[in-house]
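Colleague: One structure coming up, written as structure tokens, with questions to follow.
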């Protein structure tokens, strides 16, 4: 029978914490960028301008059809070259974090755009008609009437998606970036204690995500009409 | 950018000589399809069973299903996969036997169990939503007619709920195929892994990634077309969103 030995975890906590900080940074930036770009995509998709609508629809279905692992691999391939040609960075600059950020933001934007689209469509048509009767332009209608309500309706879903995104950040493993999961794996591999470290990492994710989704559910009940 | 495109790379034979690089990609495609299809069937069975448990009027059973769902939804897929592949063989009694299997079979089995349980939790929530969406009168009417609870589920609730949740299940099915790419991290040679291997051997990264991406798109479109037909046949007449388009 396997003998558990958790002794390599306490000493590794600072290293694991550094990884957690990176995972959280990645999540926060990707959520923010994803919501902004996703909202723009949703507006484009619902806009009367045909080319914009087609572009947004194509973008969303492309990113939703490809596995996140493939998207990340793509961006680890393209982004470093772009950064080097555009910014003239040397070949030794570590561009993995930037690549992961761009990859996650563009990928998650496709999912956020679907949430925002549903949010925008949940606002009743009469409001849009009323706004245009008051002489508001399309942009003003979106900015002052539709989006504020769409956001409020969709806050729980946006937060749930953020929890999923936090779990997905573990996939930066494919580029050997030092996120929480990657660091836990490295410590376990080094000390020959993979079993304990992986169980520990799983438990930490579980506690964080369970607590977060519990909080979202409570929040949802509080704002429910 | 000075990149040399060479689409003929797929026709070159691999170092061991028994096939071409295209052969590698197709082998990866087969692996992705096999793994995802098997996992999906298992997930559907498990998810339906758990989804029923989640709605029965027996508290301990509901609790078991709730614990299952919360556990598998709140741990990242990658962590779950590593736990099945690296941890469970050490802890489970038949782990020693598992470690003596052919490494490829080990990777496949771990991936299959992982994807099935992960997806099953999502299917379970869809099944629960489907059952809860039915009018309460349906179950009461079935019970009043003298059906036992399991008969009510078997003949009344599940057939209708199943038809209601075809669209969300379609997207879970697509997710299973996409999630199978995560299994490349434990060395399973599915589509994404073959793509990376091709880059390592030929450094024709763009050709390889484009080919892999296109193959994933094809899988996606094919499933969507098939499921659209299924949806058309299973649609419940008279409900919103089920009107003929």
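Residue numbers (the working numbering), protein chains in the order written: chain A, 1 to 225; chain B, 226 to 470. The beta carbon of each residue, even a glycine, is placed where N, CA and C say it ideally should be.
Name, please, each residue of chain A whose Cβ falls closer than 7 Å to the Cβ of residue 441 of chain B.
Modeller: Stepping through the second chain from its first residue, residue 441 of chain B is reached at position 216. Under the 7 Å cutoff, chain A gives 65, 66, 67, 70.
Colleague: Name, going along the chain, the residues of the stretch 189-200 of chain A whose beta-carbon falls closer than 8 Å to a beta-carbon of chain B.
Modeller: 194, 195, 198, 199
Colleague: Could you give the DSSP three-state label for residue 105 of chain A: helix, strand or coil?
Modeller: Taking the first chain and counting its residues from 1, one reaches residue 105 of chain A at position 105. The answer is helix: DSSP assigns residue 105 of chain A an H, G or I state.
Colleague: Comparing alpha-carbon positions, which option in A/119, A/111, A/123, A/5 lies nearest residue 168 of chain A?
Modeller: The residue labelled residue 168 of chain A in the question sits at position 168 within the first chain. Of the candidates A/119, A/111, A/123, A/5, the one whose C-alpha sits nearest the C-alpha of residue 168 of chain A is A/111.
Colleague: Would residue 420 of chain B pass as a contact of residue 434 of chain B if the rule is Cβ separation under 8 Å?
Modeller: Start at 1 with the first residue of the second chain, and residue 420 of chain B comes out as number 195. Start at 1 with the first residue of the second chain, and residue 434 of chain B comes out as number 209. Going by C-beta atoms, residue 420 of chain B is nearer than 8 Å to residue 434 of chain B.
Colleague: Should residue 205 of chain A be labelled buried (16 or more other beta-carbon atoms within 10 Å of its own) or exposed?
Modeller: Here the question's residue 205 of chain A lines up with position 205 in the first chain. So residue 205 of chain A counts as buried.
Colleague: For residue 74 of chain A, report the span of its alpha helix (DSSP H) as first-last.
Modeller: Numbered from its first residue, the first chain carries residue 74 of chain A at position 74. It spans 68-87 - the alpha helix (DSSP H) in which residue 74 of chain A sits, taken as one unbroken run.
Colleague: For residue 427 of chain B, decide whether its Cβ has a neighbour in chain A, counting only Cβ atoms nearer than 8 Å.
Modeller: The residue given as residue 427 of chain B occupies position 202 in the second chain. No, its Cβ sits nowhere closer than 8 Å to a Cβ of chain A.
Colleague: Measure from the alpha carbon of residue 45 of chain A to the alpha carbon of each residue in A/115, A/207, A/85, A/12, then state which is nearest.
Modeller: The sequence position of residue 45 of chain A within the first chain is 45, counting from 1. Taking only the C-alpha atoms, the option nearest residue 45 of chain A is A/115.
Colleague: Assign residue 238 of chain B to one of three DSSP states: helix, strand, or coil.
Modeller: Here residue 238 of chain B corresponds to residue number 13 of the second chain, with the count starting at 1. Strand, per DSSP.
Colleague: Within 8 Å, do at least three Cβ pairs link the stretch 362-370 of chain B to the stretch 397-416 of chain B?
Modeller: no
Colleague: Mind pulling the chain B residues with CB within less than 9 Å of residue 74 of chain A?
Modeller: As a working mapping, residue 74 of chain A is identified with position 74 in the first chain. Those are 434, 438, listed as they occur along chain B.
Colleague: Quick one: which chain A residues come within Cβ less than 8 Å of residue 308 of chain B?
Modeller: What you label residue 308 of chain B is simply residue 83 of the second chain in a count that begins at 1. Correct list: 198, 199, 202.
Colleague: In the DSSP assignment, the alpha helix (DSSP H) including residue 224 of chain A goes from what residue to what residue?
Modeller: Position 224 of the first chain holds residue 224 of chain A. Looking at the DSSP string, residue 224 of chain A is not in any alpha helix (DSSP H), and its letter there is neither H nor E.
Colleague: Just list the residues that DSSP pairs residue 245 of chain B with in beta bridges.
Modeller: Along the second chain, read from residue 1 onward, the residue named residue 245 of chain B stands at position 20. In DSSP, residue 245 of chain B forms a bridge with B/238.
Colleague: Three or more C-beta pairs under 8 Å: does that hold for the stretch 70-83 of chain A against the stretch 171-179 of chain A?
Modeller: At 8 Å Cβ cutoff, the stretches touch.
Colleague: Quick check: the stretch 190-197 of chain A against the stretch 230-248 of chain B, are at least 3 beta-carbon pairs closer than 8 Å?
Modeller: no
Colleague: Is residue 337 of chain B near residue 260 of chain B, with beta carbons less than 8 Å apart?
Modeller: On the second chain, residue 337 of chain B is found 112 positions in, with the first residue counted as 1. On the second chain, residue 260 of chain B is found 35 positions in, with the first residue counted as 1. A contact, by the Cβ cut-off of 8 Å.
Colleague: With a cut-off of 8 Å, does the C-beta of residue 456 of chain B fall near any C-beta of chain A?
Modeller: One-based indexing of the second chain puts residue 456 of chain B at position 231. At a cut-off of 8 Å between beta carbons, residue 456 of chain B makes no contact with chain A.
Colleague: Just verifying my parser: in three-state terms, what is the DSSP assignment at residue 228 of chain B?
Modeller: What you label residue 228 of chain B is simply residue 3 of the second chain in a count that begins at 1. In the structure shown, residue 228 of chain B sits in coil (DSSP, three-state: anything other than H, G, I, E or B).
Colleague: Determine which residues of the stretch 336-355 of chain B have a Cβ less than 8 Å from any Cβ of chain A, and write them out in chain order.
Modeller: Taking 8 Å as the upper bound on Cβ-Cβ separation, chain A lies near no residue of the stretch 336-355 of chain B.
Colleague: Do residue 159 of chain A and residue 311 of chain B have their CB atoms nearer than 8 Å?
Modeller: Against the first chain, residue 159 of chain A aligns to sequence position 159. Against the second chain, residue 311 of chain B aligns to sequence position 86. No, Cβ-Cβ distance for residue 159 of chain A and residue 311 of chain B is not below 8 Å.
Colleague: Name the chain A residues that come within less than 9 Å of residue 421 of chain B, Cβ to Cβ?
Modeller: Reading the second chain from its first residue, position 196 is the one you call residue 421 of chain B. Ordered by position in chain A, the residues that pass the 9 Å Cβ test against residue 421 of chain B are 73, 174.
Colleague: Please list the terminal residues of the continuous alpha helix (DSSP H) segment that includes residue 54 of chain A.
Modeller: By 1-based counting over the first chain, the position of residue 54 of chain A is 54. First-last of the alpha helix (DSSP H) with residue 54 of chain A: 50-65.
Colleague: Count the other C-beta atoms from every protein chain shown that fall within 10 angstroms of the C-beta of residue 403 of chain B, then say buried if there are 16 or more, exposed otherwise.
Modeller: As a position in the second chain, residue 403 of chain B is number 178, starting the count at 1. Buried, because 16 or more other Cβ atoms sit within 10 Å of the Cβ of residue 403 of chain B.
Colleague: Output yes if chain A places a C-beta closer than 8 Å to the C-beta of residue 333 of chain B; else output no.
Modeller: Walking along the second chain from the start, residue 333 of chain B turns up at place 108. No, because no Cβ of chain A sits closer than 8 Å to the Cβ of residue 333 of chain B.
Colleague: Which value, in whole angstroms, describes the spacing of the CA atoms of residue 61 of chain A and residue 35 of chain A?
Modeller: As a first step, residue 61 of chain A must be located in the first chain, where it is residue number 61. As a first step, residue 35 of chain A must be located in the first chain, where it is residue number 35. Looking at the two C-alpha atoms, the distance is approximately 17 Å.
Colleague: Can you list, in chain order, the residues of its chain with a C-beta nearer than 6 Å to that of residue 347 of chain B? Leave out the 5 residues immediately preceding and following it.
Modeller: The count along the second chain starts at 1 and reaches residue 347 of chain B at position 122. Correct list, in chain order: 397.
Colleague: Please go through the same chain and pick out, in chain order, the residues whose beta-carbon is closer than 6 Å to the beta-carbon of residue 342 of chain B, but skip the five residues on each side of it.
Modeller: By 1-based counting over the second chain, the position of residue 342 of chain B is 117. For residue 342 of chain B, where only same-chain residues beyond five positions count, the Cβ hits under 6 Å are 297.
Colleague: Quick one, which of B/405, B/231, B/424 has its alpha-carbon nearest residue 332 of chain B's?
Modeller: Taking the first residue of the second chain as position 1, residue 332 of chain B is located at position 107. Out of B/405, B/231, B/424, B/405 has the C-alpha closest to the C-alpha of residue 332 of chain B.
Colleague: Taking the beta carbon of residue 5 of chain A as the centre, do at least 16 other beta carbons fall within 10 Å, making it buried, or is it exposed?
Modeller: Residue mapping note: residue 5 of chain A aligns to position 5 of the first chain, counting from 1. Exposed.
Colleague: Among B/308, B/448, B/401, B/229, which one has its Cα closest to the Cα of residue 67 of chain A?
Modeller: Working through the first chain from its first residue, we reach residue 67 of chain A at position 67. Checked all of B/308, B/448, B/401, B/229; the closest Cα to residue 67 of chain A is B/401.
Colleague: Go ahead and pull the three-state DSSP assignment for residue 169 of chain A.
Modeller: By one-based count along the first chain, residue 169 of chain A stands at place 169. Residue 169 of chain A: helix per DSSP, three-state reduction.
Colleague: Examine chain A for any beta-carbon lying closer than 8 Å to the beta-carbon of residue 299 of chain B, and answer yes or no.
Modeller: Against the second chain, residue 299 of chain B aligns to sequence position 74. At least one chain A Cβ lies under 8 Å of residue 299 of chain B.
Colleague: Have a look at residue 344 of chain B and residue 140 of chain A and give me their C-alpha separation to the nearest angstrom.
Modeller: Stepping through the second chain from its first residue, residue 344 of chain B is reached at position 119. Stepping through the first chain from its first residue, residue 140 of chain A is reached at position 140. Each residue's Cα considered, the two are about 42 Å apart.
Colleague: First and last residue of the alpha helix (DSSP H) that includes residue 191 of chain A?
Modeller: Start at 1 with the first residue of the first chain, and residue 191 of chain A comes out as number 191. Element bounds for residue 191 of chain A: 180-191.
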